[in-house]
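Per my numbering, the very first residue in the sequence shown carries number 62; after that it's consecutive.
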Amino acid sequence: MEKITHNKPRAVEYPVFADDRGTFAPFINGLKEIAPKSVAVKRMYYVCNDSKGVVRGFHYHKKEWKFFVIVSGSAKFVALNPDKPSEKFQFISSARKNNLIIIPPFYANGWVSLSDNTILVCASSATTQESLKDDKRFDPYKWGDVWTVKAR
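Now the structure itself:
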């Protein structure tokens, strides 16, 4: 079994069950395999980018954990340690590529919508008030154009 590293951003594929009625996707089914024992979800919210190319980020937290799932559309996520920005974590996710994006504390992170009407469901270890006290914002291009998707 692969050793779980809780201290780095990562994408974890989750199961999707589909039949003639539609789909069911349990993207957080307990936290013990995706975060340290002390982490609890205190807040859930969603974000909708109406247009392709909208950038949200960078922001950074010293205490807060964040978990992201795309339920409509697609997006590119970027996370990096501001003290060591050469180590970038980049993930492409969509409603068809079922990934739970996990961002631990100490990583500046953000995302760009790759399609119109992208909807992101988010879980956080902090309330809105706690998050605002722990929030640091960076220019989205502080570390260059990390938002463009490069062809393979």
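All C-beta atoms, glycine included, are put in the ideal place defined by N, C-alpha and C.
Paired residues, beta bridge with residue i - DSSP
i	result
N90	In DSSP, N90 forms no bridge with anything.
K145	N142
Y202	Answer by DSSP bridge pairing: none, since Y202 is not bridged.
V115	Partner(s): none; V115 has no beta bridge.
V108	L181
A79	T84
Coil, strand or helix - residue i by DSSP
i	result
E74	strand
I65	In this prediction, I65 scores a pLDDT of 48, lower than 50, which makes its location untrustworthy; the coordinate-derived value is nonetheless stated afterwards. Coil, per DSSP.
K197	strand
T209	coil
Extent of the continuous beta strand (DSSP E) run through residue i
i	result
T84	83-85
V100	V100 -> no beta strand (DSSP E), and no H or E assigned at all.
Cβ pair residue i, residue j closer than 8 Å
i	j	result
L161	V130	yes
K197	Y75	no
V115	S174	yes
N178	C109	yes
* To do: At 3 residues or longer, and completely inside the region 118-187: list those beta strand (DSSP E) runs for me, N to C.
  => 127-133, 135-142, 145-155, 160-164, 169-174, 179-185
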